[in-house]
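**Student:** Per my numbering: the sequence shown = residues 863 to 973.
Quick reminder that beta carbons are idealized off the backbone N, C-alpha and C, glycines included.
In this text, all values refer to a predicted model and were calculated from it rather than measured experimentally.
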Amino acid sequence: VAVAAVSEPAPVEAAPEPAPVEATPKPALVRIPAKPARIEPDDLKLISGIGPALEKKLNACGISRYQELATLSDADIDRVEAAIKSFGRIRRDDWIGQAKARHFEKYQEQI
């Protein structure tokens with residue numbers, strides 16, 4: 863009986879060692895700030911032309927702080943005046959300017 867010649871397998875080259883990977887530092891823990899305390903509304907009645915009834919109407923429109931009143935756009939002014947049924951009063955009594963002054967007086971921050 864004839865025996866077939868067995869061929870030797872080709873030598874296998876060892877895989878090159880992977881380059882060392884620098885350890886990536888773990889990100890520092892990020893502290894999530896505590897929920898800010900509820901922001902207290904400003905006394906909008908200190909603005910000339912705003913009494914208790916108008917203050918309630920402004921609050922119903924989402925305006926309870928000097929900054930909110932001071933930063934109204936022209937479109938916002940029109941919307942608020944329609945909602946509080948006080949057409950022209952915001953501009954005529956310069957609520958925006960008064961709100962900016964009151965905000966600065968209370969918070970020492972320019973708007």
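How would you label GLU917, buried or exposed, when you count the other beta carbons within 10 angstroms and need 16 or more for buried?
**Tutor:** Here the question's residue 917 lines up with position 55 in the sequence shown. GLU917 should be labelled buried.
**Student:** How should ALA961 be labelled, buried or exposed, when 16 other C-beta atoms within 10 angstroms of its C-beta is the threshold for buried?
**Tutor:** Locating residue 961 in the sequence shown gives position 99, counting from the first residue. ALA961 comes out buried.
**Student:** Taking DSSP as the reference, what is the three-state secondary structure of ARG900?
**Tutor:** Taking the first residue of the sequence shown as 1, we reach residue 900 at position 38. Coil at ARG900, not helix or strand.
**Student:** Does TYR969 pass the burial test, meaning 16 or more other C-beta atoms within 10 Å, or should it be called exposed?
**Tutor:** Here residue 969 refers to the residue found at position 107 when the sequence shown is read from its first residue. By the neighbour-count rule (16 or more Cβ atoms within 10 Å), TYR969 is not buried but exposed.
**Student:** Among CYS923, TRP957 and ILE901, whose alpha-carbon lies nearest the alpha-carbon of SER910?
**Tutor:** Numbered from its first residue, the sequence shown carries residue 910 at position 48. Looking at the Cα atoms, TRP957 is the closest of the given residues.
**Student:** Could you check how far apart the C-beta atoms of ILE836 and ILE939 are, in whole angstroms? I think they sit under 8 angstroms.
**Tutor:** The first residue shown for the chain is 863 and the last is 973, placing residue 836 beyond what the model contains.
**Student:** Which residue wins for smallest C-alpha separation from ARG900, given the options SER935, ILE912, PHE966 and ARG927?
**Tutor:** Position 38 of the sequence shown, counting from 1, holds the residue named residue 900. Checked all of SER935, ILE912, PHE966 and ARG927; the closest Cα to ARG900 is ARG927.
**Student:** Express the C-alpha separation of ALA945 and LYS919 in angstroms, rounding to a whole number.
**Tutor:** By one-based count along the sequence shown, residue 919 stands at place 57. By one-based count along the sequence shown, residue 945 stands at place 83. Spanning the two alpha carbons is a distance of roughly 8 angstroms.
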